C-alpha cells in the first residue's frame, strides 16, 4: 500500500474540507441578492451534508489505517526499516499515542517473553535427558572407558567424532551449548534494532511535522524525556535478562560468593527457578576432557556474543551485566574443569591395560595417555581463564595473562591431579585392578601386552613408569604449563618428585622382597640346614648346590626384569646381592667352628658368588664379602690344619 500517497490525499482533502466548511467561506456571499443568497445557502448545505458524509467515511478509513499501522508496529518479524517508515507515517497522521514508544514497549514485551519461553523450552529438554539417566551410582569404569575414547579423539584432533558420540553426557553438553547459542542469537537478533531505534528516539530523529503546533511539542517534551530514559532502561533490561537466564542455568550467583564472598547477580525472574547445586548443569558421568571441550565452546559463544553487543555501542551501564556474566562464568567453568580434572586423575588407574608403548616397550601407553589428558585440560583451562583462544603454534609466543586467583586454582588442580594419579598407583599394581577398561582385540594385535595377572610384571612396569614419569613426563608437562601460564613451580615440582621417589621405593621393595626371601631361604637352608658338617667336611672339589641354586634364582630374576625393563636389572641384582651376602654373613656367623675342609669350602662358595656377581657388587656388598672372609677366619680351628694354608688356598683358586 502506498501510505505516502494516501496521507497526501488525506491532507489535501482535509484542507478542502476546512476551507469549504469554515465560516469564512460564507463571507463571499455578502454581495449577492437575497434570492441568490438563499439558493446558494441551500446548495451549500446540501454540499456540506454530502461532504461531511464522505469525510466521515474518509476518517473511518484513516482510523482503520492507523490501527493497522499500529498493529504492524507490534509484529516483530517486520524489518526495522519498515517499522521506521510506519512510525514516520503515524507521526505524520498526528495520532494521540506515541508510535515510537508503542513500538519499543511492544518489542520489549515480545523480546523478554521470547527469552523466557525459549529458556524454559530448552531447559525442559535437558531435564528430560537427565531423567533418562540413572544417577544413583556413578560407574567409574564406564567413565574411564569414555575418557579413554575421548583422549584418543583429541590426540587425533578429530573433534567431529566427539560431537557425534551418542553418550548421554555429550547429548546434555550439546543441549547446554544450544541454550547458550539460542539465547545469544536471540540477543544479537533483537537488541541491535531495539537499541538503534531507542537511540534514534533519544536523538530526536522521530519528530512530528512542523505544522504541529509548538505548544503541543512543548507539552509532550517532559513526557518524551521520561520515555527516552525508559527506553534505555528497557535495552538494559533485555541484556540483564539474557545475563540472568544464563546465570540461573549455570548457578553463577554462588560463583561470585565462592570468589568474593558476595553475590553480584541480579534478582532472577520469579517465574524461573534456580538450580540448587552449583554444578548441577554438569552432566552425570561426564569426563573432564569432554567437559573441557564443551565449556570452551560455551565460553567462546558467550564471548563472541558479548563482543558483538559491545560493538553496537550500547550505553556502558547497560553492559555491566555482561561483564559480570563473563567473569562469573569463567570462574565457575574453571572450577568445574578443575573438579572433573582431579576426579578423572583419581580414577586414571582404570585406564591402565598394560599395553606397551610402541616407542618404548619398557613403559605402558598410560603415560602417553596421561600426558595428552593433562596437556589438553591445562590448555583448556588457560583458554577459559584468559579468554585468549590461541593456536598451538602461538601459545609459546606470549598472550593474555592469567589473573592470580585463576592461576592459583588451575595450578592447584594441575598438581593435585598428578598427585591423585600417583595416589592411585597402588591400585594399578595390585591384582584387584586387573582388566580395568575394555581393550579392543585388534589393538592388542599390534601393541603387545604383558599378562596383567602377573603381579610381579605389573609391579616392575609400574616402577619403570614412575622412572619415566619423573625423568621425562613431569618435566615436559611442567615446562609446557610454565611457558603458557608464565609462572615458576620449582617447589611444587620438588614435592612431586619426592613423592615419586617414595612410591618408587615402595613398589620396588614390594617386588624385591619376595626375591630376597627366596634367596635367603636358599642360603640359610644350604649353610645351616642341609646337613653340612663345616668342622669335619673334606676339602672341596666343587661348589655346593645351594650356591648354584641361589645364582640360578638371580639369573631368573635377571631374565624376568630384562623382559620388562632393562633399566631395572642392575638396581635389582645389586639389591639382591646386598641381601644375599648379608644372609651368607649371618648364616656363617651361626656356624660353631670351621675345620680345614669347611673353611676352604666356605671360601670357595663365597668366591664363586663374589666373582660371578662382581659387576653388580656395591660398596656395601664388597664390605660384607670382606667381613665374611674375616668371619670364616675367626671361626677356623687352626688345629685342623693338615698342610700349608697358602697351598690349600691356591688349590681353591684352581677350582675357581
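Numbering (full-length UniProt numbering), first residue to last: 1 to 656.
Just so it is clear, CB atoms sit at the ideal spot from N, CA and C, and this is done for glycine as well.
Everything numeric in this text was worked out from a predicted model, so none of it was measured.
Item, Value
"Would you say residue 351 reaches chain D, if we count a Cβ-Cβ gap shorter than 9 Å as a contact?", "Absent from the structure is chain D; it holds one protein chain and no more."
"One question on the structure: do residue 525 and residue 546 come within less than 9 Å of each other, judged by their Cβ atoms?", "yes"
"Residue 322 by DSSP, collapsed to three states: which one?", "helix"
"Just to check my reading of the structure: residue 617 and residue 523 have Cβ atoms closer than 8 Å, yes? What is that Cβ distance to the nearest angstrom?", "Their Cβ separation, rounded to whole angstroms, is 16 Å, which puts residue 617 and residue 523 out of contact at 8 Å."
"Only counting the same chain, and skipping five residues up and downstream in sequence, which positions put a Cβ closer than 8 Å to that of residue 411?", "481, 485, 487, 489 and 492"
"Do residue 318 and residue 236 have their C-beta atoms closer together than 9 Å?", "yes"
"At what residues does the alpha helix (DSSP H) containing residue 531 begin and finish?", "Run containing residue 531: none; DSSP gives neither H nor E here."
"Between which two residues does the alpha helix (DSSP H) holding residue 540 run?", "Counting along the chain, residue 540 falls outside any alpha helix (DSSP H), and DSSP gives it neither H nor E."
"Between the beta-carbon of residue 560 and the beta-carbon of residue 456, is there less than 9 Å?", "yes"
"With a CB to CB cut of under 8 Å and the five nearest residues on each side skipped, what residues in its chain are close to residue 463?", "504, 507, 508, 511, 565 and 568"
"Is the beta carbon of residue 239 closer than 9 Å to that of residue 175?", "no"
"Would the beta-carbon of residue 323 fall within 9 Å of that of residue 336?", "no"
"When you compare the stretch 377-386 with the stretch 286-304, are there three or more beta-carbon pairs, one atom per stretch, that lie closer than 8 Å?", "yes"
"In chain order, what are the residue ranges of uninterrupted alpha helix (DSSP H) at least 4 long that sit wholly in the stretch 91-132?", "99-131"
"Touch check for the stretch 150-166 and the stretch 107-127: three-plus C-beta pairs under 8 Å?", "no"
"Just mark residue 57 as buried or exposed, buried being the case when its beta carbon has 16 or more other beta carbons within 10 Å.", "exposed"
"CA-CA distance, residue 147 and residue 104?", "50 Å"
"Closest to residue 556 by CA distance: which of 408, 519 and 535 is it?", "519"
"In angstroms, rounded to a whole number, what distance separates the CA positions of residue 51 and residue 14?", "11 Å"
"Which same chain residues, not among the five before or five after residue 341, have their C-beta less than 7 Å away from its C-beta?", "288, 377, 413 and 417"
"With DSSP as the reference, please indicate the residues paired to residue 594 in a beta bridge.", "636"
"Around the C-beta of residue 191, are 16 or more other C-beta atoms found within 10 angstroms, so that it is buried, or is it exposed?", "buried"
"Is there contact between the stretch 529-544 and the stretch 593-601, where contact requires at least three CB pairs shorter than 8 Å?", "yes"
"If you reduce the DSSP assignment to three classes, tell me which class residue 354 lands in.", "coil"
"Determine which residues share a DSSP beta bridge with residue 163 and list them.", "Answer is none; residue 163 lacks a bridge partner."
"So, does the stretch 113-132 touch the stretch 354-372, judging by three or more C-beta pairs under 8 Å?", "no"
"Quick check for students: name the residue ranges of the alpha helix (DSSP H) that lie wholly in the stretch 556-616, counting only runs of 4 or more.", "569-589 and 596-612"
"Quick check on this structure: which residue in 576, 607, 187 and 295 has the alpha carbon closest to the alpha carbon of residue 542?", "607"
"Considering Cα atoms alone, identify which of 252, 285, 100 and 247 is closest to residue 195.", "100"
"Taking the Cβ atom as the reference point for each residue, do residue 170 and residue 290 lie within a distance shorter than 9 Å?", "yes"
"For residue 364, which residues does DSSP report across the bridge?", "356"
"To which residues of the same chain is residue 375 closer than 8 Å at the C-beta, ignoring the five residues directly before and after it?", "477 and 480"
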